[in-house]
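Engineer: Residue numbers (this note's numbering): 453 to 652.
Starting off with a structure, shown below.
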């Protein structure tokens, strides 16, 4: 692994790494949402291997790229261009030149490149721009889904539905009160409520 890079590019990589680190927790919650697996709802395919008991990775085709999510890493690759790999245990984003990611927790450090040369830096920037675009698109989709799920679960009534249910409740209650008023003993000066009144 090459451990070189100028300070400005290092800050940009660190910013992207923090963004991905923070995003991993909501993705974990999306998998176990009470409304179903939201990653699968978004279009991710769940991949599971026999040697990774209890561990799943999710893969999504986006434009001409692939996004692979796992609890230990995120890989953005494909399309015949360099990609990125975020490794959670190292809290770093690396340039990814391989066509396919190796299984999480395996592989050599030689595949993880901290960009230094101008070509590597350009490749890293372009891949980072694409990945950020997908992150923004996912966040917008997630916000829409969240608002829809809240409306589905709460079933907030509209004004007309509320008023209709109120009228259905009020008519029998008014009739019952009128009946009691006519049967109750009248004191001096008390007026009878006419039974012919009906609510409109």
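In this text, a Cβ means the ideal position worked out from N, Cα and C, and glycines have one as well.
Once you ignore the five residues that flank residue 482 on each side, which residues in its own chain have a CB closer than 6 Å to its CB?
Structural biologist: Same-chain partners within the cutoff: 490, 491.
Engineer: Quick check: what's the CA-CA separation for residue 568 versus residue 592?
Structural biologist: Cα-Cα distance, rounded: 33 Å.
Engineer: Can you tell me which of the three DSSP states residue 496 falls into?
Structural biologist: Coil, per DSSP.
Engineer: Can you tell me the Cβ-Cβ gap for residue 498 and residue 508, rounded? I've got them flagged as a contact below 8 Å.
Structural biologist: 5 Å between Cβ atoms; contact.
Engineer: The beta strand (DSSP E) with residue 535 in it runs from where to where?
Structural biologist: Unbroken beta strand (DSSP E) run through residue 535: 535–539.
Engineer: Do residue 563 and residue 534 count as a contact pair if the criterion is CB distance below 8 Å?
Structural biologist: No, the Cβ-Cβ distance between residue 534 and residue 563 is not below 8 Å.
Engineer: Among residues of its own chain, excluding the 5 on either side of residue 526, which ones have a beta-carbon nearer than 6 Å to its beta-carbon?
Structural biologist: The residues are 472, 538.
Engineer: List the DSSP bridge partners of residue 525.
Structural biologist: Residue 525 is bridged to 539.
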